[in-house]
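From first to last, the protein sequence lines are chains A and B. Convert by adding 141 to the 1-based position in the first sequence; the result is the number in our numbering. Convert by adding 37 to the 1-based position in the second sequence; the result is the number in our numbering. C-beta: ideal position from N, C-alpha, C; glycine also. Just so you know, these numbers come straight off a predicted model, no measurement behind them. Comments concern the structure below.
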Amino acid sequence: MGGLLTEPFLVSLLYGAVTAGMPLLLAGLGEQMSEKAGVLNIGLEGMMLVGAYTGFVAAYHSGSFWLGYLAGGLGGMLTALIVLLLCIRRGLNQIVIGIAITVGAEGLTSLLHYVQFSRSYPRLAAAPVLALPLLRDVPVLGRGLFSHNLLVYLAVALVFALSWMYRSTYLGLSLEAAGNQPAALDAAGVDVVHTRSLAVLCTGFLAGLGGAYLANVGAGIFVPFMTGGAGVIGIVLAMLARGRPLMVMVGAALFGASLAMTTALQVAGIDIPTDVVQMLPFAVVMAVLVVFGRHSMLPSALGTPYTRGER
Amino acid sequence: MSLRGPLRVFVPVVLALTVGGLILLVLGKDPIGYYSYVMERSLLRWGGAQETLTRMAPLLLIAAGLIVAFRSGIWNLGGDGQFLLAAVASAALAPALIGGVPRGVTLVLCMLAGSLVGLVWSLLPAVLKSRYGINEIITTLMMSFLGTSFANVLIKLVLRDPGTTVPQTRSLAVDDRLPRLFGTTIHSGLLLAMLAVVGVHLMMTRTAFGLRLQVLGANRAAAVHAGYRVERLTIAAFALSAALIGLAGAVEVLGVWGSVRADWNPALGLLVVPLVFLARFNGYAVIGFTLFFSALMVGGESAARRVGVPQHFVLVLVALLLLFLGLVEYLDQGRRKAAGT
Chain A
142 MGGLLTEPFL
152 VSLLYGAVTA
162 GMPLLLAGLG
172 EQMSEKAGVL
182 NIGLEGMMLV
192 GAYTGFVAAY
202 HSGSFWLGYL
212 AGGLGGMLTA
222 LIVLLLCIRR
232 GLNQIVIGIA
242 ITVGAEGLTS
252 LLHYVQFSRS
262 YPRLAAAPVL
272 ALPLLRDVPV
282 LGRGLFSHNL
292 LVYLAVALVF
302 ALSWMYRSTY
312 LGLSLEAAGN
322 QPAALDAAGV
332 DVVHTRSLAV
342 LCTGFLAGLG
352 GAYLANVGAG
362 IFVPFMTGGA
372 GVIGIVLAML
382 ARGRPLMVMV
392 GAALFGASLA
402 MTTALQVAGI
412 DIPTDVVQML
422 PFAVVMAVLV
432 VFGRHSMLPS
442 ALGTPYTRGE
452 R
Chain B
38 MSLRGPLRVF
48 VPVVLALTVG
58 GLILLVLGKD
68 PIGYYSYVME
78 RSLLRWGGAQ
88 ETLTRMAPLL
98 LIAAGLIVAF
108 RSGIWNLGGD
118 GQFLLAAVAS
128 AALAPALIGG
138 VPRGVTLVLC
148 MLAGSLVGLV
158 WSLLPAVLKS
168 RYGINEIITT
178 LMMSFLGTSF
188 ANVLIKLVLR
198 DPGTTVPQTR
208 SLAVDDRLPR
218 LFGTTIHSGL
228 LLAMLAVVGV
238 HLMMTRTAFG
248 LRLQVLGANR
258 AAAVHAGYRV
268 ERLTIAAFAL
278 SAALIGLAGA
288 VEVLGVWGSV
298 RADWNPALGL
308 LVVPLVFLAR
318 FNGYAVIGFT
328 LFFSALMVGG
338 ESAARRVGVP
348 QHFVLVLVAL
358 LLLFLGLVEY
368 LDQGRRKAAG
378 T
């Protein structure tokens with residue numbers, strides 16, 4: 142057990158936690174926005190998967206990571222369009238359509254991948270890394286936290302930008318109202334459907350971006366079904382964070398660390414099944430819920446379509 | 038005028054198959070060839086038909102469990118964890134019991150154990166929901182992840198059969214598994230599953246208990262107002278739902294596999310959700326949809342090898358089916374509103 146506090150172990154753990162936590166963070170932030178606006182996006186997993194696929198294909202053909210991110214975001218957004226058209230505009234059940242999106246995305250992306258690549262899994266070159274000046278020289282932290290793809294720093298900045306937006310902008314308050322008292326928002330002259338549509342499209346973009354990061358940077362390849370529950374964890378994070386972007390980041394870091402722990406333990410020469418470590422964050426969260434047992438603070442109009450004049 | 042029952046199901050199915058066929062066409066495959074191959078392989082050939090029917094057993098039991106939950110307004114999305122842990126429990130128990138007690142007793146005990154394990158795994162979300170109103174979507178999903186990992190931990194660290202290289206539980210001999218039906222390869226779990234799904238349907242629609250659950254599902258406040266013990270009802274619905282899903286796991290192990298390998302997760306829990314929706318929570322209708330889906334799975338897997346269409350195309354069809362079902366329902370509602378009925 143002497144290998145636990147060595148530099149390679151800690152670097153590997155921190156670096157892995159950031160890499161594994163990024164897709165969760167982006168998806169969680171996206172889901173949070175939808176939930177604030179009153180839309181429960183069960184299809185988050187599907188949006189990530191589509192983003193992972195389109196992002197990978199774009200990066201594979203263009204060789205550009207930025208085009209990959211853009212394509213991933215747009216792919217997720219396109220998927221979110223289904224929610225917009227069917228659930229927000231037509232008021233269909235958000236859970237049914239969400240499951241349809243996830244199942245359909247799983248099927249469609251593996252089908253498209255098979256048609257293009259058959260059974261081969263081409264690999265992208267390693268993603269460009271931006272080591273932050275000065276900070277990169279800090280032992281352990283420098284290589285663990287401050288030597289990542291530029292998107293990582295942008296995502297952290299986004300956390301703070303969103304916090305500010307929810308707290309002190311008109312748009313942020315409109316989003317919140319669309320989830321809590323849509324009728325009041327409507328009475329105040331703001332279009333509920335537009336507000337929710339905007340939120341859902343942003344969710345799709347962020348989830349797709351997370352998927353693209355997962356495929357292009359995290360794995361370097363696209364594999365069918367590769368999100369493997371990341372979208373579901375994103376939903377869990379958003380629900381637990383109670384509307385605070387910073388808490389999504391804390392959660393993503395926790396889950397990311399536990400995902401990275403197995404690799405890090407192997408670096409340290411300890412071989413235990415992945416599953417033991419992967420149970421931990423879920424067990425912790427359940428324990429917290431049991432001990433504190435507070436009412437979950439979800440927007441009151443979550444999951445219900447808004448029709449003007451209907452009670 | 039509104040669309041009548043059979044038409045409301047028929048239209049989405051036809052639309053989904055058509056759009057699915059168009060997708061195949063775009064990808065340069067022959068849709069007619071694919072569909073006819075799938076149908077021939079999974080329904081018209083006796084071997085394939087037996088496989089299709091065998092596959093239905095766990096799907097039907099899970100569907101029964103989901104119908105109880107959904108009709109009671111409870112989103113039990115943790116089926117995968119409940120299913121897997123129950124499968125592991127019965128796989129661990131069966132080889133240990135079989136030497137000591139008769140086969141029938143072993144099988145019944147294992148099925149009970151599976152149901153019990155599924156039930157126990159749903160207790161926490163049930164209590165959190167009834168006591169504190171904590172959203173069960175999030176808790177059941179978390180328990181599902183927890184359960185899938187825990188099942189693997191159990192197999193790899195505790196229950197591992199020392200005689201195999203791949204971690205798996207000790208195997209139940211083929212002769213000791215669930216009895217086959219009338220000289221076919223279909224195991225008797227299918228009968229049990231049929232009984233369960235019909236029983237659940239009758240319970241929900243014909244008994245006082247079922248009525249209370251339906252009231253709870255339709256309007257929680259009304260259930261409180263009517264003086265029902267809402268906390269107890271919630272927990273009961275959860276328990277019954279998870280026990281049925283647990284039974285599905287036990288039946289799949291006792292009838293088909295005989296053991297559980299590490300990292301095995303058929304992920305049926307979420308796949309059955311669309312079927313239950315398509316059937317509008319109706320127990321009889323769900324049998325038809327399960328047959329349809331099961332045939333697609335069996336035929337689709339074989340088509341992956343023979344026609345070159347990956348089996349996951351089936352998922353696209355299910356998704357299209359859900360989307361069109363939603364649309365048809367929406368249009369139907371609009372028409373009814375316009376007609377003022």
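Checklist line | Range of the contiguous alpha helix (DSSP H) that encloses A/ASN321 | finding: Mapped onto the first sequence, residue 321 of chain A falls at position 180. Segment 311-321, the alpha helix (DSSP H) holding A/ASN321.
Notebook entry, point to check: Are the beta-carbon atoms of B/SER79 and B/GLY292 separated by less than 7 Å?
Noted result: Against the second sequence, residue 79 of chain B aligns to sequence position 42. Against the second sequence, residue 292 of chain B aligns to sequence position 255. No, the pair does not count as a contact, with Cβ atoms beyond the cut-off.
Notebook entry, point to check: When burial is assigned at 16 or more other CB atoms within 10 Å of the CB, is A/TYR447 buried or exposed?
Noted result: The sequence position of residue 447 of chain A within the first sequence is 306, counting from 1. Result: buried.
Check: Quick one: is A/GLY143 buried, meaning 16 or more other Cβ sit within 10 Å of its Cβ, or exposed?
Finding: Taking the first sequence and counting its residues from 1, one reaches residue 143 of chain A at position 2. Unreliable placement is indicated for A/GLY143, whose pLDDT of 49 sits below 50; no coordinate value is reported for it.
Next item on the list: Please confirm if B/PHE120 has its CB atom under 7 Å from at least one CB of chain A.
Entry: The residue you call residue 120 of chain B lines up with position 83 of the second sequence. No, B/PHE120 does not count as interfacial toward chain A.
Notebook entry, point to check: Closest Cβ-Cβ distance between B/LYS193 and chain A: below 7 Å?
Noted result: In the second sequence, counting from the first residue as 1, residue 193 of chain B sits at position 156. So yes, B/LYS193 belongs to the interface.
Note to self: At the 7 Å Cβ level, is A/GLU148 part of the contact set with chain B, yes or no?
What the structure shows: Residue mapping note: residue 148 of chain A aligns to position 7 of the first sequence, counting from 1. No, because no Cβ of chain B sits closer than 7 Å to the Cβ of A/GLU148.
Checklist line | Selected residue, minimal CA-CA separation from B/SER278, among B/ALA128, B/LEU59, B/SER152 and B/ARG82 | finding: Locating residue 278 of chain B in the second sequence gives position 241, counting from the first residue. The residue with the shortest Cα to Cα distance from B/SER278 is B/SER152.
Notebook entry, point to check: B/SER127 by DSSP, collapsed to three states: which one?
Noted result: Position 90 of the second sequence holds residue 127 of chain B. B/SER127: helix per DSSP, three-state reduction.
Next item on the list: Figure out for me which residue from B/LEU44, B/ALA316, B/ALA273 and B/GLN87 has the closest Cα to the Cα of B/PHE219.
Entry: For the purposes of this step, residue 219 of chain B is taken as the residue at position 182 of the second sequence. Minimum Cα distance to B/PHE219 is reached at B/GLN87.
Check: Is B/ARG217 helix, strand or coil when you go by DSSP?
Finding: Locating residue 217 of chain B in the second sequence gives position 180, where the first residue counts as 1. Note: B/ARG217 maps to strand in three-state DSSP.
Check: Is B/ILE171 near B/LEU165, with beta carbons less than 7 Å apart?
Finding: Translated into the one-based positions of the second sequence, residue 171 of chain B becomes position 134. Translated into the one-based positions of the second sequence, residue 165 of chain B becomes position 128. Yes, these two residues count as a Cβ contact at 7 Å.
Next item on the list: Go through its chain and collect everything with a Cβ distance to B/ALA316's Cβ below 6 Å, but skip five positions before and after it.
Entry: The residue you call residue 316 of chain B lines up with position 279 of the second sequence. Closer than 6 Å at the Cβ level, and outside the excluded window around B/ALA316, lie ALA322, VAL323 and PHE326.
Check: Under 9 Å Cβ-Cβ, which residues of chain A neighbour B/ALA115?
Finding: The residue given as residue 115 of chain B occupies position 78 in the second sequence. The sequence shown places Gly at residue 115 of chain B, not Ala. Those do not exist, as B/GLY115 stays about 11 Å from chain A at its closest Cβ, beyond 9 Å.
Notebook entry, point to check: Enumerated in chain order, which unbroken segments of the alpha helix (DSSP H) with a length of 4 residues or greater are wholly contained in the region 299-330 of chain B?
Noted result: 305-315
Item checked: Alpha-carbon to alpha-carbon, A/HIS289 and A/LEU271 -> Counted from its first residue, the first sequence places residue 271 of chain A at position 130. Counted from its first residue, the first sequence places residue 289 of chain A at position 148. Between A/LEU271 and A/HIS289, the C-alpha separation is close to 6 Å.
Next item on the list: Could you work out which residue in A/LEU225, A/ALA193 and A/ALA340 is closest to A/TYR366 when comparing CA atoms only?
Entry: Numbered from its first residue, the first sequence carries residue 366 of chain A at position 225. The displayed chain sequence assigns Phe, not Tyr, to residue 366 of chain A. Comparing Cα-Cα distances from A/PHE366 to each of A/LEU225, A/ALA193 and A/ALA340, the minimum goes to A/ALA193.
Next item on the list: For B/SER39, count neighbouring C-beta atoms within 10 Å of its own C-beta (all shown protein chains included) and say buried if the count is 16 or more, exposed if not.
Entry: Taking the second sequence and counting its residues from 1, the one referred to as residue 39 of chain B is at position 2. Bear in mind that a pLDDT of 46 at B/SER39, under 50, signals an unreliable position, so the model cannot answer this.
Check: Relative to the C-alpha of B/GLY118, which residue among B/ILE99, B/SER73 and B/VAL56 is closest?
Finding: Walking along the second sequence from the start, residue 118 of chain B turns up at place 81. Residue B/ILE99 is the option with its Cα nearest to B/GLY118.
Notebook entry, point to check: Which two residues bound the contiguous alpha helix (DSSP H) that contains B/ALA100?
Noted result: As a working mapping, residue 100 of chain B is identified with position 63 in the second sequence. Unbroken alpha helix (DSSP H) run through B/ALA100: 83-108.
Next item on the list: Determine the burial state of B/LEU194: buried for a count of at least 16 other Cβ atoms within 10 Å of its Cβ, exposed for fewer.
Entry: Counted from its first residue, the second sequence places residue 194 of chain B at position 157. Counting Cβ neighbours within 10 Å, B/LEU194 comes out exposed, since fewer than 16 surround it.
Notebook entry, point to check: What does A/ALA272 pair with, by DSSP beta-bridge criteria?
Noted result: For this step, residue 272 of chain A is matched to residue 131 along the first sequence. BP columns for A/ALA272 point to A/SER288.
Note to self: Suppose the cutoff is 8 Å on Cβ atoms and the five residues either side in sequence are ignored; what does the same chain contact list for B/LEU146 look like?
What the structure shows: Here residue 146 of chain B refers to the residue found at position 109 when the second sequence is read from its first residue. Only LEU130, LEU134 and VAL138 meet the Cβ criterion.
Notebook entry, point to check: Does the beta-carbon of A/THR344 have 16 or more other beta-carbons within 10 angstroms, so that it is buried, or is it exposed?
Noted result: Counting from one through the first sequence, the residue named residue 344 of chain A turns up at place 203. Classification of A/THR344: buried, given that the 10 Å Cβ count is 16 or more.
Check: Comparing the C-beta of A/TYR194 with each C-beta of chain B, is any distance below 7 Å?
Finding: Counted from its first residue, the first sequence places residue 194 of chain A at position 53. No, because no Cβ of chain B sits closer than 7 Å to the Cβ of A/TYR194.
Checklist line | Short CB-CB distance (under 7 Å) between B/PRO199 and chain A | finding: Taking the first residue of the second sequence as 1, we reach residue 199 of chain B at position 162. By this cut-off, B/PRO199 is not an interface position.
Note to self: Please classify B/LEU250 as buried or exposed, where buried requires at least 16 neighbouring CB atoms within 10 angstroms.
What the structure shows: The residue you call residue 250 of chain B lines up with position 213 of the second sequence. Its Cβ being crowded by 16 or more others within 10 Å, B/LEU250 is buried.
Next item on the list: Find the nearest neighbour of B/SER109 within the set B/MET180, B/GLY141, B/ALA163 and B/ALA94, judged by alpha-carbon distance.
Entry: Numbered from its first residue, the second sequence carries residue 109 of chain B at position 72. When only C-alpha atoms are compared, the closest one is B/ALA163.
Margin query: When you compare the CB of A/GLN419 with every CB in chain C, is at least one pair closer than 7 Å?
Written below: Judged by its chain identifiers, the structure shown contains no chain C, and its protein chains are A and B.
Notebook entry, point to check: Which runs of the alpha helix (DSSP H) spanning at least 4 residues fall entirely within the region 235-285 of chain B, listed in chain order?
Noted result: Every unbroken stretch of the alpha helix (DSSP H) spanning 4 or more residues and falling wholly within the region 235-285 of chain B is given here in chain order: 245-255 and 257-262.
Next item on the list: From the DSSP output, read off the bridge partner residues of B/GLN205.
Entry: Residue mapping note: residue 205 of chain B aligns to position 168 of the second sequence, counting from 1. Paired residue(s): B/ARG298.
Check: With DSSP run on the structure shown, which of helix, strand or coil describes A/PRO446?
Finding: By 1-based counting over the first sequence, the position of residue 446 of chain A is 305. Coil at A/PRO446, not helix or strand.
Note to self: Rounded to whole angstroms, what is the Cα-Cα separation between A/GLY384 and B/THR201?
What the structure shows: By one-based count along the first sequence, residue 384 of chain A stands at place 243. By one-based count along the second sequence, residue 201 of chain B stands at place 164. A/GLY384 and B/THR201: Cα-Cα distance of roughly 49 Å.
Next item on the list: Just confirm the distance between the C-beta atoms of A/MET189 and A/ALA168, as a whole number of angstroms; I'd bet it's less than 8 Å.
Entry: Position 48 of the first sequence, counted from the first residue, corresponds to residue 189 of chain A. Position 27 of the first sequence, counted from the first residue, corresponds to residue 168 of chain A. Confirmed, Cβ separation roughly 6 Å.
Checklist line | Neighbouring residues, chain A, relative to B/TYR367 (Cβ below 7 Å) | finding: Working through the second sequence from its first residue, we reach residue 367 of chain B at position 330. Here the neighbours are ARG231 and LEU233.
Note to self: One question on the structure: do B/ALA259 and B/VAL252 come within less than 7 Å of each other, judged by their Cβ atoms?
What the structure shows: Counting from one through the second sequence, the residue named residue 259 of chain B turns up at place 222. Counting from one through the second sequence, the residue named residue 252 of chain B turns up at place 215. It is a contact, given that the beta carbons lie within the stated cut-off.
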